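Encoded as structure tokens, the structure appears first; notes follow it.
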Amino acid sequence: FIPHPFKSGERLYYTGDKASYLSDGNLQFHGRIDDQVKIRGFRIELGEIEAVLQAHSSVKEAVVLVREDYQGDKRLVAYVVGEGSVREWREYLQTHLPNYMVPTNFIEMEFLPLTPNGKLDLKALPILSEQSAKNTVYPRNPLEELIASVWSQVLGIGDIGVQDSFFELGGHSLLATQVVSRLQEVFQIKLPVRELFEYSTVEALSKRMDQLRKGSEKREIPPLVPMERGNNIPLSYGQQRLWFIDQFAPNSALYNMPMVCRLKGSWLPEALELGWNQLIERHESLRTVFYEEDGHPVQQIQPYIF
Numbered sequence: 001f002i003p004h005p006f007k008s009g010e011r012l013y014y015t016g017d018k019a020s021y022l023s024d025g026n027l028q029f030h031g032r033i034d035d036q037v038k039i040r041g042f043r044i045e046l047g048e049i050e051a052v053l054q055a056h057s058s059v060k061e062a063v064v065l066v067r068e069d070y071q072g073d074k075r076l077v078a079y080v081v082g083e084g085s086v087r088e089w090r091e092y093l094q095t096h097l098p099n100y101m102v103p104t105n106f107i108e109m110e111f112l113p114l115t116p117n118g119k120l121d122l123k124a125l126p127i128l129s130e131q132s133a134k135n136t137v138y139p140r141n142p143l144e145e146l147i148a149s150v151w152s153q154v155l156g157i158g159d160i161g162v163q164d165s166f167f168e169l170g171g172h173s174l175l176a177t178q179v180v181s182r183l184q185e186v187f188q189i190k191l192p193v194r195e196l197f198e199y200s201t202v203e204a205l206s207k208r209m210d211q212l213r214k215g216s217e218k219r220e221i222p223p224l225v226p227m228e229r230g231n232n233i234p235l236s237y238g239q240q241r242l243w244f245i246d247q248f249a250p251n252s253a254l255y256n257m258p259m260v261c262r263l264k265g266s267w268l269p270e271a272l273e274l275g276w277n278q279l280i281e282r283h284e285s286l287r288t289v290f291y292e293e294d295g296h297p298v299q300q301i302q303p304y305i306f
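Anchor point for the sequence shown: position 221 equals 221 in full-length UniProt numbering, and the numbering is continuous, going up by one each time.
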């Protein structure tokens, strides 16, 4: 209960619901105040995802929540009561919502549990680790076993079947990059990230990797070694884009990232200065300057002179 904002001495029950009065005196429900979440930099309205999902002809009820995996990463999980399939629901959402609003996990439910007062019982909803695999076909050869093992390490789940989709298990583009990096290191083959999107099951990826190992695309990946820096280094495409934007809007703070850090307790300014200088010495990007030469932007790494 909270104090009434307009009537002194009275109190109101804080429901957390968002609503507005219509001209006829009825209330129009707009979702929950706590339904807006932020995942990987995107602000997301859970109610919007639920509304689109419930518009599918095979969906009777649906609720979308934010769950954390074993690494503490947030992911969208949809609990659905309906007659369709997970693949069907996912593809439907992908055609109606941005990719970052499509849940990474779908859990099929016979019904949504409710509390005695008719509210959704969040505590009664199953968590991801409680979902047992149905009709799971486990890895049948060493290659499938190794791929499944890598997926298990990256996704933080066990019992991965060869027909399970990496993305339906909770994978996304950032985790896909980790998987590809580990597989390339083990098998010494060139494996673009897009291959995992196209061959998203252990079985399909295993066959594709077997082709790459046996075919002409197989090659040794040279080890990473420090490269010698020349005087001037050309800009990457991303750097060129920002350079041209700066030419049109000089001194704009659009891409600046200001931050204030309050230091409490006893500390030594000399220690802070030493740590800061070591950071600058370690990372070339903090010593890189940009200028124009013969009408073309170039970058140059300044020597460490502190």
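C-beta atoms are modelled at their ideal positions from N, C-alpha and C, and glycine is treated no differently.
What you are looking at is a predicted structure, and each value in this text was computed from that prediction instead of being measured.
Roughly how many whole angstroms lie between the Cα atoms of residue i and residue j?
i, j, result
"Trp243", "Tyr100", "28 Å"
"Gln211", "Phe187", "12 Å"
"Leu97", "Ala176", "21 Å"
"Val162", "Gly171", "15 Å"
"Met109", "Asn117", "21 Å"
"Glu293", "Ser252", "22 Å"
"Met209", "Thr15", "53 Å"
"Glu48", "Arg241", "34 Å"
"Glu61", "Ile44", "20 Å"
"Gly25", "Gly9", "25 Å"
"Pro139", "Ile189", "21 Å"
"Ile39", "Pro258", "21 Å"
"Ile157", "Ser206", "19 Å"
"Asp246", "Asn256", "12 Å"
"Arg213", "Met227", "29 Å"
"Gly275", "Arg229", "25 Å"
Of all the options the options, which has the alpha carbon lying nearest to the alpha carbon of residue i?
i, options, result
"Ala204", "Thr95, Arg11, Glu144 and Leu191", "Glu144"
"Tyr92", "Lys123, Ser58, Glu110 and Leu112", "Ser58"
"Tyr199", "Ile147, Arg140, Gly41 and Glu108", "Ile147"
"Ser173", "Leu46, Ser8 and Arg75", "Arg75"
"Tyr304", "Ser285, Asp24 and Tyr291", "Ser285"
"Gln54", "Ile39, Gln36, Glu88 and Gly275", "Glu88"
"Tyr291", "His4, Cys261 and Asn232", "Asn232"
State yes or no: is the C-beta of residue i within less than 8 Å of the C-beta of residue j?
i, j, result
"Val154", "Gln178", "yes"
"Arg287", "Ile301", "yes"
"Trp151", "Phe167", "no"
"Pro103", "Val77", "yes"
"Val50", "Val64", "Correcting the residue type first, residue 50 is Glu in the shown sequence and not Val. Yes. Within cutoff."
"Val289", "Gln278", "no"
"Arg67", "Ile127", "yes"
"Leu169", "Val180", "no"
"Asp17", "Phe29", "yes"
"Val202", "Asp164", "yes"
"Tyr79", "Leu46", "no"
"Pro297", "Leu254", "no"
"Phe106", "Val86", "yes"
Since residue i and residue j should fall inside the 8 Å C-beta cutoff, what is the C-beta to C-beta distance between them, to a whole number of angstroms?
i, j, result
"Leu12", "Ala19", "About 13 Å; that fails the 8 Å criterion."
"Leu114", "Leu122", "Rounded, the Cβ-Cβ distance is 11 Å, inconsistent with contact."
Let's test the definition: count the other Cβ atoms within 10 Å of the Cβ of residue i and tell me whether it reaches 16, buried, or not, exposed.
i, result
"Ala249", "exposed"
"Thr95", "exposed"
"Phe1", "exposed"
"Phe111", "exposed"
"Lys134", "Residue placement at Lys134 cannot be trusted, given a pLDDT of 47 that sits under 50; the coordinates are not used to answer."
"Phe42", "exposed"
"residue 383", "Here the chain comprises residues numbered 1 to 306, so residue 383 is not present and cannot be evaluated."
"Ser266", "exposed"
"Ser23", "exposed"
"Leu272", "exposed"
"Val52", "buried"
"Leu191", "buried"
Within the present structure, is the beta-carbon of residue i separated from the nearest heavy atom of the ligand ATP by less than 7 Å?
i, result
"Lys7", "The ligand ATP is not part of this structure, which contains no ligands at all."
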